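Take a look at the structure below.
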Amino acid sequence: MQSVEWERSREELEAVLAGTLPGAKEIDPAECSAGRFLLAYSDGRQIPAGAVAAIPLDWALASGFQRMVWKELAKVPFGETITYGELAARCGRGEAARAVGAALARNPWPVIVPCHRVVGAGGRMVGFGKGIAAKRTLLAFEKRCLDEAAGCIKKRQNG
DNA sequence: AGAATGACGGACC
DNA sequence: AGGTCCGCCATTC
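Counting in our numbering, the first sequence runs from 79 upward without gaps.
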């Protein structure tokens, strides 16, 4: 799989696709692993971090460092966040927070490789290719899903 | 090969 | 809180 794209409307998306993937054919999302992943995600299901491994992402164009950052990021669970610096540390490059930002800016598969879960030091909201607002929306969505799930459990415990 | 460029982080004002 | 400066580091030109 090459990339994840999204736009505000079908028209805009098709315009973008016409430039990046001319002649692309449409298929049923349920027919491919990435499609099923995104369907489940938008459904609010908490997808286990390991599920990303089942998607045939095309790492060919990634540098060694980018591959490391993206793979490490894929381990961050639904609804949780991590700092650029912490992610750098997990890649064995504690001082490379800034370089991590550069790598994330080139993430070909947003949402699947959850770059929206990477926040600035102290939880500060910074950067995102599609805009901070989109990043907030995704994080809020995940948090809401977690809260609802927690509510269900509590309800069950109470009776 | 060297300089410029960021989705950083921390210090300081 | 908000703005500047500077050290960091992988990439890019």
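For glycine and all other residues, C-beta sits at the position ideal for the given N, C-alpha and C. Just so you know, these numbers come straight off a predicted model, no measurement behind them.
Just reading off the alpha helix (DSSP H) that residue i is part of, what are its end residues?
| i | result |
| --- | --- |
| Arg202 | It is not in any alpha helix (DSSP H) - Arg202 carries neither H nor E in the DSSP assignment. |
| Thr159 | Segment: none, Thr159 is in no alpha helix (DSSP H) and carries neither H nor E. |
| Ser111 | 111–120 |
| Arg88 | 88–98 |
Among the options, which residue has its Cα nearest to the Cα of residue i?
| i | options | result |
| --- | --- | --- |
| Ala228 | Pro192, Lys213, Gln124 | Gln124 |
| Ala199 | Glu83, Val147, Thr215, Ile160 | Ile160 |
| Trp187 | Leu135, Leu95, Glu92, Glu89 | Leu135 |
| Met79 | Val196, Phe115, Ala218, Glu90 | Phe115 |
| Trp148 | Arg171, Ala118, Pro192 | Pro192 |
| Phe206 | Ala175, Glu89, Asn185 | Asn185 |
| Gly122 | Phe219, Arg86, Arg145 | Phe219 |
| Ser81 | Leu117, Glu89, Ile133, Ser87 | Ile133 |
| Met146 | Ser120, Ala181, Arg86 | Ala181 |
| Arg86 | Glu226, Lys208, Ile231 | Lys208 |
| Pro155 | Glu89, Tyr119, Cys169 | Tyr119 |
Could you tell me whether the Cβ atoms of residue i and residue j are closer together than 8 Å?
| i | j | result |
| --- | --- | --- |
| Ile190 | Val130 | yes |
| Ala183 | Lys153 | no |
| Lys241 | His194 | With the chain covering 79 to 237 only, the question about residue 241 has no answer from this structure. |
| Gly157 | Leu224 | yes |
| Trp84 | Leu95 | no |
| Val204 | Leu151 | no |
| Ala177 | Phe143 | yes |
- Task: Report yes or no: do three or more beta-carbon pairs, one from the region 90–102 and one from the region 152–168, lie closer than 8 Å?
- Result: no
- Does the region 104–113 touch the region 136–149, meaning 3 or more C-beta pairs lie closer than 8 Å? The region 136–149, when compared against the region 104–113, does not touch it at the 8 Å Cβ threshold.
- Item | 4-residue-minimum alpha helix (DSSP H) runs that sit fully inside the region 124–193, ordered along the chain | Correct list: 142–151, 162–168, 175–183.
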